[in-house]
Amino acid sequence: MKLNDLLATNGVTSAQVQQHLAALSGEERVRQATQLDRGHQQTLWNLSGATEPIRLDEIVAPAQRALDPVPFEGQNNQPVYRPFKKVFYRTAGGTIGGYNESPASWFPGPRYYVLKHDDSGTYVDYTELPPEKPAAWPAIRPNDAGISQFVYGYMKDYLRRVYGRVLIGRAYRKGKATPNYFVLARPEV
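Counting the sequence shown from 1 gives a position; our numbering is that position plus 62.
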């Protein structure tokens, strides 16, 4: 059975999803998580509401060298340009930053963000930019100007754990939930 099939089952539980993902190799877990039908991402978000919170050091380990990329494969629920990557890194000062790598980057550009955690959970904050980036990466530009303001302006992507390093996210703009979901996945290291 594939994750898509399981999520299509009436009455599926978070425990069943976790058990299914636990039985897969890291590579197969990433593959199945990033090949979901569009509607299954909302189901996954709803199922993951009570899972163990995500810690920042699970995204980028404290021992990770500064500016060393940590990519997560991603898939969103948009009609086009669904596959992407969120590439995280730790700055010299300890902040976790990152940017989106996508076939659609030609439109708004590869937008940067800072990863944060507070009482509301762990989230990708596009309203704050990292203080530095790897030298070979594109320039850091504001997310609230030009065309990018319509895609990333005033946005925070909240993350929930599905299982291990399989995460489900939902975009919030100006504090309001949007119908935009995405999955991030990386093999366990």
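Don't be surprised by glycine CBs; every beta carbon is placed ideally from N, CA and C.
Check, Outcome
"Rounded Cβ spacing between proline 323 and glycine 156 (contact assumed at less than 8 Å)", "Outside the shown range of the chain (63 to 251) lies residue 323, about which nothing can therefore be said."
"Whether histidine 250 touches glycine 88 by CB criterion (8 Å)", "Correcting the residue identity first, residue 250 is glutamate in this sequence and not histidine. The answer is yes: Cβ separation under 8 Å."
"Beta bridge counterpart(s) of tyrosine 188 as assigned by DSSP", "None, per the DSSP bridge assignment."
"Integer Cβ distance of aspartate 219 from glycine 231, believed to fall under 8 Å", "5 Å"
"Element boundaries [alpha helix (DSSP H), containing valine 79]", "76 to 84"
"Any C-beta of chain B under 8 Å from that of methionine 63", "Absent here is chain B; the protein component of the structure consists of one chain."
"Assigned secondary structure, isoleucine 121 (DSSP; H/G/I helix, E/B strand, else coil)", "helix"
"The alpha helix (DSSP H) enclosing glutamine 126, as first and last residue numbers", "Looking at the DSSP string, glutamine 126 is not in any alpha helix (DSSP H), and its letter there is neither H nor E."
"Neighbourhood of glutamine 80 by C-beta, 6 Å cutoff - its chain only, sequence neighbours within 5 removed", "Tyr225"
"Proximity of asparagine 138 and leucine 98 at Cβ, strictly below 8 Å", "no"
"Residue interval of the alpha helix (DSSP H) (run including asparagine 108)", "102 to 109"
"Test item: CB-CB of alanine 247 and phenylalanine 134 under 8 Å", "yes"
"Proximal residues to glutamine 94 (C-beta, below 7 Å), its chain only, five neighbours per side dropped", "Lys64, Leu65, Leu86"
"Closest Cα partner of arginine 100 within the set Tyr143, Asp119, Leu221", "Tyr143"
"Outcome for tryptophan 168 when other beta-carbon atoms lying within 10 angstroms are tallied against a minimum of 16", "Confidence in tryptophan 168 is poor, its pLDDT being 47 and thus under 50, which makes the residue's placement too unreliable to answer from."
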